[in-house]
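Structure record follows, encoded as structure tokens.
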């Protein structure tokens, strides 16, 4: 039988209002959690940003958090760490990467209890760099999930290691798309997709996409249960692959959708990154003095604000919301007049550049 690991991903856009969050919970997250509770044979991973956990709890959806905590406590679902508020980790300095990971684990532990002990991590869009791998190694993670395209030969899961010994689990994007398609996949279609992926397949499944049709998740699981598959958590998949001796070559991950977050030709992106660097300089200079400034910076680092400046995902309101958070962070850090004026210039420039670019 083939071994397969599904890592379920929960994400909420940072500018969703409470009503939109409630709709997402009712349509997607609550049915998903209840369905997994009824199917203990379906094992896998769970990546949830601390910002999502905070919103679910704060806005009255504690039952979803409690259900996910139950799944984690009984070992059916293994937590996989990520950035606290969806920051594009591979493009940040190593010190900031480590801080984001530590913060995510600390916040999530307040909601999921001591059972939240992730031994691996994944960045947004499964992107990875040697610096990210080093940061993960320093934080004592055992594995890093990354896009298979970031690995030599596009290898399958558990087949590579970094020079420091960190296991690299390759996420199969093609398999993810085959499973999370808008229409319920047929058994034969899934068999073909799994055969193409090979043994030790791992894929990340966005829960929001997976449950667009209320009955779709049930149909998909029924199809999967009729196939010769062994559902595993990431740690189990890695352990069995190591036992079988299927890992070996040493390499460093280097790949990802960089242009989605940092296109050198994108005028808005260039100004966003200058603003991020400026705000971070002010906040890091006095990390304990102005906690509100640090919190605003953490939220402003969300990759959604950067992705909003790319043509396929263009969203002027989201761009301006990100700039507003950066400005609040920079002003809250209490820099001198010149530094505050520079922050205001960046915010105005981002707004003006965004206004000049028409929606495609």
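Numbering (the working numbering), first residue to last: 7 to 366. Glycine included, each C-beta is placed from N, C-alpha and C at the ideal position. Given the structure is predicted, the values throughout are model-derived calculations rather than measurements.
Determine which residues share a DSSP beta bridge with residue i and list them.
i           : result
residue 261 : 134
residue 193 : Residue 193 is not bridged to any residue.
residue 90  : Looking at the DSSP assignment, residue 90 forms no beta bridge with any residue, so it has no partner.
residue 127 : 87, 150
residue 13  : 51, 210
residue 173 : 149, 167
residue 256 : 167
residue 237 : 10
How should residue i be labelled, buried or exposed, when 16 other C-beta atoms within 10 angstroms of its C-beta is the threshold for buried?
i           : result
residue 233 : exposed
residue 295 : exposed
residue 175 : buried
residue 199 : buried
residue 206 : buried
residue 193 : exposed
residue 116 : exposed
residue 101 : exposed
residue 40  : exposed
residue 94  : buried
residue 327 : buried
residue 112 : exposed
residue 201 : exposed
residue 247 : buried
For residue i, collect the residues of the same chain with a Cβ closer than 6 Å to its Cβ; drop the 5 residues on either side in sequence, then sort them by chain order.
i           : result
residue 114 : 56, 59, 122
residue 124 : 85, 86, 87
residue 19  : 310
residue 203 : 178, 181
residue 333 : 349, 353
residue 149 : 126, 173, 175, 244
residue 54  : 16
residue 448 : In the structure as shown, the chain begins at 7 and stops at 366. Residue 448 is therefore absent and cannot be evaluated.
residue 325 : 314, 315, 360
residue 136 : 258
residue 290 : none
residue 264 : none
residue 105 : none
residue 99  : none
Report all residues from its chain with a CB closer than 8 Å to the CB of residue i; omit the five preceding and five following residues, and keep chain order.
i           : result
residue 211 : 12, 13, 14, 15, 182, 185, 186
residue 236 : 7, 8, 9, 10
residue 169 : 256, 258
residue 347 : none
residue 223 : 37, 38, 41, 216, 217
residue 270 : 276
Are the Cβ atoms of residue i and residue j separated by less than 8 Å?
i           : j           : result
residue 178 : residue 197 : no
residue 214 : residue 7   : no
residue 83  : residue 52  : yes
residue 260 : residue 173 : no
residue 329 : residue 357 : yes
residue 74  : residue 268 : no
residue 134 : residue 262 : yes
residue 109 : residue 90  : yes
residue 306 : residue 331 : yes
residue 217 : residue 50  : no
residue 129 : residue 138 : yes
residue 208 : residue 282 : no
residue 43  : residue 22  : no
residue 120 : residue 145 : no
residue 266 : residue 341 : no
residue 61  : residue 27  : yes
residue 92  : residue 308 : yes
If you drop the 5 nearest sequence neighbours on each side, which residues of the same chain put their C-beta closer than 7 Å to that of residue i?
i           : result
residue 355 : 277
residue 366 : With a pLDDT of 49 at residue 366, under the threshold of 50, the modelled position of this residue cannot be trusted, and the question is left open.
residue 45  : 227
residue 280 : 352
residue 359 : 273, 274, 277
residue 167 : 173, 174, 253, 256
residue 292 : 339
Consider the Cβ of residue i: report whether some Cβ of chain B lies at a distance smaller than 8 Å.
i          : result
residue 42 : Among the chains of the structure shown, chain B does not appear; only one protein chain is present.
Inter-stretch contact (C-beta, 8 Å, three-pair minimum) for the region 307-315 and the region 265-279: With the cut-off at 8 Å, the region 307-315 and the region 265-279 touch.
Inter-stretch contact (C-beta, 8 Å, three-pair minimum) for the region 291-304 and the region 336-353: Yes, they touch.
The region 35-42 in contact with the region 67-83 per 3-pair CB rule at 8 Å: Under the 8 Å Cβ criterion, the region 35-42 counts as touching the region 67-83, having at least three qualifying pairs.
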